[in-house]
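Colleague: Numbering (the working numbering), first residue to last: 1243 to 1385. Think of the CB as a built atom: it goes at the ideal place given N, C-alpha and C, for glycine as much as any other residue.
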């Protein structure tokens, strides 16, 4: 499963940081790998793409801090599209309103052009919230 990789601002969103959002999936969605003798993500059957991040409010909900300063963090709406990996067929789309705290919403790395000012950051989505929205597609019995 490829989950939650965000490459902004090229995705056409109005907020972005050029960071990667990585979501963890529930332990139950993992399978035991005999070779490594560890739980591993199940072989990918779905591809989940972040298709947009849009500012929901004009008032920041907090700030993110880096060595070079601070950035306002704005409530955001995150749009996703789910595809079947084998066929490339679109299976579903869904939207999630941000629910992560400001500190956790700020990426560990940030790439911005020199002299471009401090960008506004999109409030993130908790992995649990993302997994709950995705669960019906992961756990569906497709026969």
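1. Looking at residue 1310: is its Cβ nearer than 9 angstroms to the Cβ of residue 1324?
2. When burial is assigned at 16 or more other CB atoms within 10 Å of the CB, is residue 1346 buried or exposed?
3. Quick one: grab the DSSP three-state call for residue 1322.
4. Where do the N-terminal and C-terminal ends of the alpha helix (DSSP H) with residue 1380 fall, by residue?
5. If you draw a straight line from the C-alpha of residue 1313 to the C-alpha of residue 1342, how long is it?
6. Give me the Cα-Cα distance between residue 1296 and residue 1369, rounded to the nearest whole angstrom.
7. Tell me residue 1316's beta-bridge partners as DSSP assigns them.
8. When DSSP labels each residue in this structure, what does residue 1327 get in the three-state scheme?
9. Beta-carbon separation of residue 1366 and residue 1340 under 9 angstroms?
10. Looking at residue 1318 and residue 1374, is the spacing between their C-beta atoms short of 9 angstroms?
Modeller: Looking at the atomic coordinates:
1. The answer is no: Cβ separation not under 9 angstroms.
2. When all chains shown are included, residue 1346 counts as exposed.
3. Note: residue 1322 maps to strand in three-state DSSP.
4. Per DSSP, the unbroken alpha helix (DSSP H) holding residue 1380 starts and ends at 1369-1380.
5. Spanning the two alpha carbons is a distance of roughly 15 angstroms.
6. So the two alpha carbons sit approximately 19 angstroms from each other.
7. DSSP links residue 1316 through a beta bridge to 1364.
8. It is coil, neither helix nor strand.
9. In this structure, residue 1366 sits near residue 1340, with a CB-CB distance shorter than 9 angstroms.
10. No. Outside cutoff.
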